[in-house]
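S.K.:
Chains as they are written, first to last, in the working numbering: chain A, -3 to 245; chain B, 1203 to 1456.
Rendered as structure tokens:
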């Protein structure tokens, strides 16, 4: 909690990424969250194309601290035949509340038809979907506009807000055009002025704080929101108000 | 310390890593010294060690010249760039004779195939070591094996390793162990819990705060350092004390 504002981190990982010393140690994660007043972190596991393996890992992780973590479901069109069944299981049986997708692990642009069963599922239930977005063709955030138009009841979140200048500008344009597109802030680039750009150009009500924990510590990623040259009211929305509204938590 | 929506550092801050001026592909958000000082004021930064962007990819010699207009005797201190060529070394030696060299920064010559090896850099490294001038080395341009082997051959040389990222996570500990006179600048240290873990393993006296503005936003890592388990005295060392000591030529651990 920061000044009575509940803080929600919209982007976190379960599992180990030892190459980068990214380990989902709950004590370390909670320690970092507690140091800066993060109440809840959203977590998902993107390392298993069947969805099932990673979603079970996420559900077990969340179950250890259900008041501090919420889980998102992951599926992949690399195993397209089971996507909807796994989403149904993950949401209805495991209690996961939104969806994470990672187009760079696939050979398809994020607006291609193979992804559409996922979007139809989210559209029927009014769920949020967070994508890795960036400069690679499959995950370019400009493609989200196409999805947002076709599936207006789903909410599409541009993870990393495109990460670098050109895709970030495309993400902002898409958010300006469609009310069901949001921009999430975590990025190792931490370019000066980016948080200000997202808030000023897309609107404070469309920006979500995220950290990429446990790949990255959540404290510096929150720090770039706190030290940005934006109003306190904008910080409240970015740090938690928007996420609470989007996830219904 | 409870988190607020407004953050100010509670210890003196001397930023070890600030870039000024334009890259050929990226104009700087600060157009002059006054704008940079205003940005530092906004984040509560007292002093900064600055180098010019032109030294990164174009010319350390020209870039050092462009740095002059940014200097401020009370808050903005020069970090001259250097590369192992006779012209570059002569320029820095001339500045040294004027009493103006307290640290230098390695220009990336590896991208044109000149490795960081004693046969290529030995003259420069010997001179720096002899004159107790610390060398800043940007890790994004570096090779871990070259650093460990070459710096081991110059044990008196004090170095500051700049910009370690999570992609360097497997390097940092063995390199800090292999090179005892190396300090680590913290602008990109983002692995989970890493600041506390590194301080516990190596001691806070091995670390310096740098923002790497304007490559990165200025206040982020300061906020992070103020929300860790390190002690107040360790925070003071990292945010200013260690850098002050290094620039005084007192950086060796022997």
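Where is the CB? At the ideal position from N, CA and C, for every residue including glycine. In this text the structure is predicted, and so the values were computed from the model without any measurement.
(1) What is the DSSP secondary structure of residue 5(A), reduced to helix, strand or coil?
(2) Measure the CB-CB distance between residue 1392(B) and residue 213(A) and report whether it falls below 8 Å.
(3) Does the contact criterion of 3 or more C-beta pairs under 8 Å hold for the stretch 113 to 125 of chain A versus the stretch 80 to 100 of chain A?
(4) For a test of the three-state rule: what should DSSP assign to residue 37(A), helix, strand or coil?
(5) If you follow the alpha helix (DSSP H) that residue 1373(B) is in, where does it begin and where does it stop?
(6) Return the CA-CA distance between residue 1432(B) and residue 1330(B), expressed in angstroms with no decimal places.
(7) Which class does residue 1337(B) belong to by DSSP, given the choice of helix, strand or coil?
(8) Which partner residues of residue 1330(B) appear in the DSSP bridge assignment?
(9) Residue 201(A): which of 183(A), 229(A), 186(A), 211(A) sits nearest, CA to CA?
(10) Of all the CB atoms in chain B, is at least one closer than 8 Å to the CB of residue 237(A)?
(11) Can we say the stretch 68 to 79 of chain A touches the stretch 89 to 108 of chain A, given the rule of at least three CB pairs closer than 8 Å?
(12) Are the stretch 1213 to 1222 of chain B and the stretch 229 to 245 of chain A touching, with three or more C-beta to C-beta distances below 8 Å?
(13) Note down the Cα distance separating residue 167(A) from residue 1278(B), rounded to an integer number of angstroms.
(14) Below 8 Å on the Cβ atoms is my guess for residue 179(A) versus residue 207(A); work out the distance and round it to an integer in Å.
(15) Restricting to runs no shorter than 3 residues, where is the beta strand (DSSP E) found entirely within the stretch 1354 to 1430 of chain B?
(16) By how many angstroms is the C-alpha of residue 169(A) removed from the C-alpha of residue 1275(B)?
(17) Suppose the cutoff is 7 Å on Cβ atoms and the five residues either side in sequence are ignored; what does the same chain contact list for residue 1412(B) look like?
(18) Which stretch, first to last residue, makes up the beta strand (DSSP E) that contains residue 151(A)?
(19) Per DSSP, what kind of secondary structure is residue 1453(B) in: helix, strand or coil?
(20) Determine which residues share a DSSP beta bridge with residue 83(A) and list them.
(21) Considering only residues of the same chain and omitting the five flanking positions on each side of residue 1416(B), which have a CB-CB separation below 7 Å?
(22) Using a beta-carbon distance cut-off of less than 7 Å, what residues from the stretch 200 to 216 of chain A approach chain B?
(23) Please list the residues of the stretch 18 to 44 of chain A that have a C-beta atom closer than 8 Å to any C-beta atom in chain B, keeping them in chain order.
(24) Taking the CB atoms as reference points, tell me whether residue 1305(B) and residue 1336(B) lie closer together than 8 Å.
(25) Around the Cβ of residue 1210(B), are there at least 16 other Cβ atoms within 10 angstroms (buried) or fewer (exposed)?
(26) Which residues of the stretch 145 to 169 of chain A have a Cβ closer than 7 Å to any Cβ of chain B? Give them in chain order.
(27) Taking the C-alpha atoms as reference points, what is the distance between residue 135(A) and residue 183(A)?
(28) According to the neighbour-count rule (16 or more other Cβ atoms, all chains shown, within 10 Å of its Cβ), is residue 31(A) buried or exposed?
(29) Measuring straight from C-alpha to C-alpha, what distance separates residue 102(A) and residue 48(A)?
(30) When you compare only the Cα positions, how much space is there between residue 1346(B) and residue 1311(B)?
(31) Quick one: list the residues of chain E neighbouring residue 1387(B), beta-carbon separation under 7 Å, in chain order.
(32) Would you say residue 12(A) lies against chain B (beta-carbon separation less than 8 Å)?
(33) Rank 1308(B), 1241(B), 1242(B) by C-alpha distance to the C-alpha of residue 1257(B) and give the top, closest one.
(34) With a threshold of 16 other CB atoms inside 10 Å of the CB of residue 220(A), please say whether the residue is buried or exposed.
(35) Which residues in the same chain have their Cβ closer than 7 Å to the Cβ of residue 1289(B), if we skip the five residues on either side of it in sequence?
M.R.: With the given structure in hand:
(1) For the purposes of this step, residue 5(A) is identified with residue 9 of the first chain, where counting begins at 1. Residue state, collapsed to three classes: strand.
(2) On the second chain, residue 1392(B) is found 190 positions in, with the first residue counted as 1. On the first chain, residue 213(A) is found 217 positions in, with the first residue counted as 1. The answer is yes: Cβ separation under 8 Å.
(3) yes
(4) Position 41 of the first chain, counted from the start, is the residue given in the question as residue 37(A). Looking at residue 37(A) - three-state DSSP - the assignment turns out to be strand.
(5) For the purposes of this step, residue 1373(B) is identified with residue 171 of the second chain, where counting begins at 1. Segment 1371 to 1380, the alpha helix (DSSP H) holding residue 1373(B).
(6) Your numbering for residue 1432(B) matches position 230 in the second chain. Your numbering for residue 1330(B) matches position 128 in the second chain. Taking the straight line from one Cα to the other gives about 33 Å.
(7) Within the second chain, residue 1337(B) is the residue found at index 135, counting from 1. Residue 1337(B) falls in the strand class under three-state DSSP.
(8) For the purposes of this step, residue 1330(B) is taken as the residue at position 128 of the second chain. Answer is none; residue 1330(B) lacks a bridge partner.
(9) For this step, residue 201(A) is matched to residue 205 along the first chain. Checked all of 183(A), 229(A), 186(A), 211(A); the closest Cα to residue 201(A) is 229(A).
(10) Working through the first chain from its first residue, we reach residue 237(A) at position 241. Not closer than 8 Å to any Cβ of chain B, the Cβ of residue 237(A) fails to qualify, so no.
(11) yes
(12) no
(13) Locating residue 167(A) in the first chain gives position 171, counting from the first residue. Locating residue 1278(B) in the second chain gives position 76, counting from the first residue. Rounded to whole angstroms, residue 167(A) to residue 1278(B) spans 37 Å at the Cα level.
(14) Counting from one through the first chain, the residue named residue 179(A) turns up at place 183. Counting from one through the first chain, the residue named residue 207(A) turns up at place 211. The Cβ separation is near 15 Å, so there is no contact.
(15) 1361 to 1364, 1384 to 1387
(16) The count along the second chain starts at 1 and reaches residue 1275(B) at position 73. The count along the first chain starts at 1 and reaches residue 169(A) at position 173. Taking the straight line from one Cα to the other gives about 44 Å.
(17) Indexing the second chain from 1 puts residue 1412(B) at position 210. 1217, 1218, 1219, 1364, 1387, 1388, 1389.
(18) Here residue 151(A) refers to the residue found at position 155 of the first chain. Residue 151(A) -> beta strand (DSSP E) spans 151 to 155.
(19) Here residue 1453(B) is taken as the residue at index 251 of the second chain, counted from 1. In this structure, residue 1453(B) counts as coil in the three-state DSSP scheme.
(20) As a first step, residue 83(A) must be located in the first chain, where it is residue number 87. Its beta-bridge partners do not exist; DSSP assigns none.
(21) The residue given as residue 1416(B) occupies position 214 in the second chain. Answer for residue 1416(B): 1221, 1230, 1231, 1232, listed in chain order.
(22) 209, 210, 211, 212, 213, 215, 216
(23) 18, 19, 21, 24, 25, 27, 28, 31, 32, 33
(24) For this step, residue 1305(B) is matched to residue 103 along the second chain. For this step, residue 1336(B) is matched to residue 134 along the second chain. Yes. Within cutoff.
(25) Within the second chain, the letter at position 8 stands for residue 1210(B). When all chains shown are included, residue 1210(B) counts as exposed.
(26) none
(27) For the purposes of this step, residue 135(A) is taken as residue 139 along the first chain, with counting starting at 1. For the purposes of this step, residue 183(A) is taken as residue 187 along the first chain, with counting starting at 1. Spanning the two alpha carbons is a distance of roughly 15 Å.
(28) In the first chain, residue 31(A) corresponds to position 35, counting from 1. That one is buried.
(29) Residue mapping note: residue 102(A) aligns to position 106 of the first chain, counting from 1. Residue mapping note: residue 48(A) aligns to position 52 of the first chain, counting from 1. In a straight line, the C-alpha of residue 102(A) is about 17 Å away from that of residue 48(A).
(30) Along the second chain, one-based indexing puts residue 1346(B) at 144. Along the second chain, one-based indexing puts residue 1311(B) at 109. Between residue 1346(B) and residue 1311(B), the C-alpha separation is close to 15 Å.
(31) No chain E appears in the structure shown, which is made up of the protein chains A and B.
(32) Along the first chain, one-based indexing puts residue 12(A) at 16. No, residue 12(A) does not count as interfacial toward chain B.
(33) One-based indexing of the second chain puts residue 1257(B) at position 55. Residue 1308(B) is the option with its Cα nearest to residue 1257(B).
(34) In the first chain, the residue the question calls residue 220(A) occupies position 224. By the neighbour-count rule (16 or more Cβ atoms within 10 Å), residue 220(A) is buried.
(35) Residue 1289(B) sits at position 87 when you count from the first residue of the second chain. If we look at residue 1289(B) and ignore the five residues flanking it on each side, its Cβ neighbours are 1263.
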